[in-house]
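88 is the number of the first residue of the sequence shown in our numbering; add one for each residue after it. Okay, so here's the structure we're looking at.
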Amino acid sequence: MTILGVETSCDDTGIAIIEGKGKPWPRFRILSNIVASQIEIHKKYGGVYPHMAKREHIVNLPITLKAALKKAKLTEKNPGIDAISITYGPGLSPCLWTGINFAQELAKKWHVPLIPVDHMEGHLLVGLFTGTKKQAQFPAIVLLVSGGHTQLMLMKNIGKYELLGETRDDAAGEAFDKTARILGLSYPGGPKLEKEAALAKTPLDISLPRPMMQSYDFDFSFSGLKTAVLYDYQKRTKKVQKSKQYVRGMAKEIQQAIIDVLIKKTLRAQEQYRTKSVILGGGVCENKELRSQLAGKLKKENIPLFLPLKSLAGDNGVMPALVGYFLYQKKKYPKNPESIVANPNLQLD
Ligand code: KG4
Ligand code: ZN
């Protein structure tokens, strides 16, 4: 079947068309995947303003749709698409509504079902299906790390998830963004901080806290790390604050502190629940060090790791399209597309 996914939960307008085939483990072909980023706009303000993001989605959605259809060699009048899926949460309410209203119109025009999907399940399935053609073995431990979420889940099958733990304050991506901002790096801080960290030559004589790393639950906390970075930064002279050695050394230590906590808890969850694989998803898993350090640790234990293609780690339309595929197979979608409403605090559990 062919499915079109629409994603507008935060600051990326994503539309993708994918084709899925095969049972019980389907294979997917991405016919097109277009993402209109708003980074240049939000960079000026150091973060995403929901109403500004909504205005951009309104402008970008029709352009993104045209480009996605063209790339897939389909026409807008009669595209031959079986269903549309739309992210209805979690995310920023005005942004979610913009995507929902757009997708409702489209579903009406094409006379196809509209399937509401969870953004975090999208990150998860991109991790499971895009980096490899291997079939996952369940149960699996899932680590989802994005700008708004940090969650460890036990996955029993596609569509069957149990939340084991999550962040009590900042998400991992937020920790990257906020500490990068202290160091004077622009939004979004994660990729910038990774670049600076890779350039560090001599390690700084500073050891940042690894919050909750030794606790026996599966929760996270990253706000203390941000405070520790701020205190250290404020102690330094203006000259040191601006020096390459300080910024790069600090970036490396921040990145490692976040990675250490994420990996430790993921491995402990894998061990405790004796899962057969680990799946990583969310924008933060674009981070090369996180990918390679976790892969290295799991390889030693002979546990397969499922990672998204790096280009699909951040928000995109393939995410809702993949989730929509499985819900369509199970006929789990409302009869009336007009009944779909945004749920900014949607929980995948
Ligand atoms: O999943 P995503 O694209 O959007 C949300 O759903 O939040 O995640 C965005 C987050 C941002 O906080 C961004 O800084 C972080 O992912 N991120 C990274 C990297 N690339 C993106 N964090 C660390 N290293 C990266 N290379
Ligand atoms: Zn996301």
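Backbone N, C-alpha and C fix where the C-beta goes; we use that ideal spot for every residue, glycine too.
Tell me where the alpha helix (DSSP H) around residue 347 begins and ends.
-> It spans 331 to 360 - the alpha helix (DSSP H) in which residue 347 sits, taken as one unbroken run.
Have a look at residue 187 and residue 109 and give me their C-alpha separation to the nearest angstrom.
-> Rounded to whole angstroms, the separation of the alpha carbons of residue 109 and residue 187 is 29 Å.
Assuming residue 410 and residue 209 form a contact by the criterion Cβ under 8 Å, report the distance between their Cβ atoms to the nearest whole angstrom.
-> 5 Å
Which first and last residues belong to the beta strand (DSSP E) in which residue 251 is found?
-> Note, residue 251: beta strand (DSSP E), 247 to 253.
Under the criterion of a Cβ to heavy atom distance below 7 Å, does residue 374 qualify as lining the ligand KG4?
-> yes
Select from 278, 146, 111, 184 the residue whose C-alpha is nearest the C-alpha of residue 372.
-> 278
Taking a cut-off of 5 Å, which residues have a beta-carbon closer than that to any heavy atom of the ligand ZN, in chain order?
-> Those residues are 233, 402, given in chain order.
Examine the ligand KG4 and report whether any of its heavy atoms sits within less than 7 Å of the Cβ of residue 261.
-> yes
Distance cut-off 7 Å: residue 371 Cβ against heavy atoms of the ligand KG4 = yes
Just mark residue 151 as buried or exposed, buried being the case when its beta carbon has 16 or more other beta carbons within 10 Å.
-> In the assembly as shown, residue 151 is a buried residue. Its beta-carbon has 16 or more other beta-carbons within 10 Å.
Could you spell out where the alpha helix (DSSP H) holding residue 319 opens and where it closes?
-> That run of the alpha helix (DSSP H) goes 310 to 322.
Between the beta-carbon of residue 253 and the beta-carbon of residue 237, is there less than 8 Å?
-> yes
Given residue 178 as reference, the closest of 360, 317, 429 once Cα atoms are compared | 429
The ligand KG4 heavy atom lying under 7 Å from the CB of residue 97 = yes
Between residue 435 and residue 171, what straight-line distance do the alpha-carbon atoms span, to the nearest angstrom?
-> If I take the Cα positions, the gap works out to 20 Å.
N- and C-terminal bounds of the alpha helix (DSSP H) containing residue 368 | Careful: residue 368 lies outside any alpha helix (DSSP H), inside the beta strand (DSSP E) at 364 to 368.
Burial state of residue 352, where buried means 16 or more other Cβ atoms lie within 10 Å | buried
When DSSP labels each residue in this structure, what does residue 161 get in the three-state scheme?
-> coil
Residue 393 and residue 215 closer than 8 Å at C-beta = Yes; because the gap between Cβ atoms is below 8 Å, this pair is in contact.
Consider the C-beta atom of residue 253 and the heavy atoms of the ligand KG4; say whether any pair is separated by less than 7 Å.
-> Answer for residue 253: no, Cβ out of range of the ligand KG4.
Residue 395 Cβ short of 7 Å to the ligand KG4 heavy atom set | no
Does the region 258 to 266 come close enough to the region 340 to 348 that 3 or more CB-CB pairs lie under 8 Å?
-> In this structure the region 340 to 348 touches the region 258 to 266; the number of beta carbon pairs closer than 8 Å is three or more.
Within 7 Å: the Cβ of residue 210 and any heavy atom of the ligand KG4?
-> True, at least one ligand heavy atom lies under 7 Å from that Cβ.
Apply the 10 Å Cβ neighbour rule to residue 333 and answer buried if 16 or more other Cβ atoms are within range, or exposed otherwise.
-> buried
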